[in-house]
Amino acid sequence: MQKRISLLILISFVLLAFIPKSTSVDNSLKIAFKDHFLIGAAVNNRQVSGMDQAALPVLEKHFSSISPENLLKWGPVHPMPGVYNFTPADQFVEMGAQLGAFIVGHTLVWHQQTPDWVFENDNGELLEKKELIARMEDHIETVAGRYKGRIHGWDVVNEVFFDNGQYRTSKWYNAAGKDFIKAAFRKAHQVDPETELYYNDYNMWKPEKREAAIALAREMRSEGIKIDGIGMQGHYGLDSPSLDQIEASIVAIAAAGFQVMFTEVDIDVLPNPVNRQGADIDATFEADEKYNPYKNELPQEIQEKLAKRYAALFALFVKHSDKISRITFWGVNDGGSWLNNWPIKGRTAYPLPFDKEYKEKEAVLKEILGVLR
Numbered sequence: 001m002q003k004r005i006s007l008l009i010l011i012s013f014v015l016l017a018f019i020p021k022s023t024s025v026d027n028s029l030k031i032a033f034k035d036h037f038l039i040g041a042a043v044n045n046r047q048v049s050g051m052d053q054a055a056l057p058v059l060e061k062h063f064s065s066i067s068p069e070n071l072l073k074w075g076p077v078h079p080m081p082g083v084y085n086f087t088p089a090d091q092f093v094e095m096g097a098q099l100g101a102f103i104v105g106h107t108l109v110w111h112q113q114t115p116d117w118v119f120e121n122d123n124g125e126l127l128e129k130k131e132l133i134a135r136m137e138d139h140i141e142t143v144a145g146r147y148k149g150r151i152h153g154w155d156v157v158n159e160v161f162f163d164n165g166q167y168r169t170s171k172w173y174n175a176a177g178k179d180f181i182k183a184a185f186r187k188a189h190q191v192d193p194e195t196e197l198y199y200n201d202y203n204m205w206k207p208e209k210r211e212a213a214i215a216l217a218r219e220m221r222s223e224g225i226k227i228d229g230i231g232m233q234g235h236y237g238l239d240s241p242s243l244d245q246i247e248a249s250i251v252a253i254a255a256a257g258f259q260v261m262f263t264e265v266d267i268d269v270l271p272n273p274v275n276r277q278g279a280d281i282d283a284t285f286e287a288d289e290k291y292n293p294y295k296n297e298l299p300q301e302i303q304e305k306l307a308k309r310y311a312a313l314f315a316l317f318v319k320h321s322d323k324i325s326r327i328t329f330w331g332v333n334d335g336g337s338w339l340n341n342w343p344i345k346g347r348t349a350y351p352l353p354f355d356k357e358y359k360e361k362e363a364v365l366k367e368i369l370g371v372l373r
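Counting in full-length UniProt numbering, the sequence shown tops out at residue 373, every number present.
Structure (structure tokens):
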């Protein structure tokens, strides 16, 4: 009897030796969540050009989707009338193809990073509605048309609402009302009928903003305009917004019949003068050392809070994975995060699962992956 037990123990050890152990592939975000949603990252010019080659192994291992942080915004890609700078965008699309990734275009129409000339005639006078929409449509035809069949989803229009749900009084809106939004979606669909089309905005956890976006999307659909999803940007803090607030918007957007995407996820661990989240890039403050407390490293206590916050968010995402198609981090690593310069320039930010050297934050990844166990 004793020999039989010993033999069984020996056999068990032998069998265990052939069970694959945890490897770096097992800790891959894109593999871990492949049955739930895509895992994306926003990439920058240095990364797509190959100047920063350290990003590529991280992208290959962890990400099944990529978005361009700035490369396809109007200013960088179309800086002057009749002048297009497609080299970085071409490199971005090529990178996505090499990675076998779902490629997102960001963004065709936005009130920021759009040159003043877009809104003016040759005399510097503001364009009327018809002329402005025609100029916008020409831009969409040129840019989206260049990548037809290669970019799989477009953030067609970005950030047209204030947090209270009122339309942002941008140059676009002042000239054309909400018709510029509808025209942009119509044109994008005409240029590339197969690509997915999204509306994208920050602070979508706020009920007024969420309901305004849903109402716009429903109105467009009722008029036969294609819109597939609504992107919730996901610029969050360690404590706010609450999971209940985020969940309410996931449920409401999906119930209205639209895909949900978290398009620009990061967690700001740094203090700021008014505890502001969101992404209004004009809402900045003067540099002050008291708002840059972690110049050299993140204290263990804050690192643990960051890990727990990501775990809580991903647990919520998994709970609603039937409604969510993609989770995209806004950046690949801490060093490249826009939060180093917003809302205060020159700070040291720690918002992502990868540090400034592209090393995995073990505690953060462990907590994120732990929601699946």
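Don't be surprised by glycine CBs; every beta carbon is placed ideally from N, CA and C.
Could you pull the start and end residues of the alpha helix (DSSP H) that residue i belongs to?
i, result
"Y358", "No alpha helix (DSSP H) holds Y358; DSSP gives it neither H nor E."
"N158", "Looking at the DSSP string, N158 is not in any alpha helix (DSSP H); the run it does join, the beta strand (DSSP E), is G153 to N158."
"W318", "With the sequence shown as reference, residue 318 is identified as Val, and Trp is not the correct amino acid for it. Start and end: Q300 to K319."
"K132", "The displayed chain sequence assigns Leu, not Lys, to residue 132. K129 to R146 is the extent of the alpha helix (DSSP H) around L132."
"K182", "D179 to V191"
"V58", "A55 to H62"
Residues in the same chain with beta-carbon distance under 8 Å from residue i, minus the five sequence neighbours each way, listed in chain order, please.
i, result
"A256", "I214, A217 and R218"
"D163", "N203, K206, E208, K209 and G278"
"N121", "L127 and E131"
Since residue i and residue j are thought to touch, with beta carbons under 8 Å apart, how far apart are those beta carbons, to the nearest angstrom?
i, j, result
"residue 383", "P68", "Outside the displayed span of the chain (1 to 373) sits residue 383, for which this structure offers no information."
"A183", "I133", "5 Å"
"K130", "D192", "Not quite, the Cβ-Cβ distance comes to about 24 Å (not below 8 Å), so this is no contact."
"V157", "I140", "About 10 Å; that fails the 8 Å criterion."
Note down the Cα distance separating residue i from residue j, rounded to an integer number of angstroms.
i, j, result
"A254", "E289", "42 Å"
"A55", "D268", "21 Å"
"H320", "G82", "44 Å"
"E211", "G165", "7 Å"
"E304", "K366", "11 Å"
"L270", "N292", "7 Å"
"R373", "N341", "36 Å"
"V25", "I31", "Unreliable positioning characterises V25 in this predicted model, as indicated by a pLDDT of 49, which lies under 50. A coordinate reading is not provided."
"T195", "H189", "7 Å"
"S22", "E223", "Annotation note: pLDDT 35 at S22 (below 50); position unreliable, coordinate value reported separately. Those two C-alpha atoms are separated by around 51 Å."
"Y310", "I250", "17 Å"
"L108", "K178", "15 Å"
"H36", "R326", "9 Å"
"L369", "Y294", "26 Å"
Can you name the residues that DSSP bridges to residue i?
i, result
"F329", "A41 and V265"
"P68", "V43"
"residue 376", "The first residue shown for the chain is 1 and the last is 373, placing residue 376 beyond what the model contains."
"E120", "L126"
"V77", "DSSP output for V77 lists no bridge partner at all."
"Q259", "G229"
"Y291", "In DSSP, Y291 forms no bridge with anything."
Excluding sequence positions up to five away, which residues of its chain have a Cβ less than 7 Å from the Cβ of residue i?
i, result
"A312", "L243"
"A315", "V371"
"N45", "L71 and P88"
"L352", "D266, F329, G331, N333, D334 and S337"
"A363", "Q303, E304 and A307"
"A176", "K129, L132 and I133"
"K323", "I250, A254 and V260"
"D355", "N333, D334 and K361"
For the beta strand (DSSP E) containing residue i, list its first residue and its last residue.
i, result
"H235", "H235 to G237"
"H106", "F102 to W110"
Tell me which same chain residues have a C-beta within less than 6 Å of the C-beta of residue i, skipping the five on either side of it?
i, result
"residue 376", "No answer is possible for residue 376: the residues shown for the chain start at 1 and end at 373."
"P241", "W205"
"Y350", "V269, L298 and D334"
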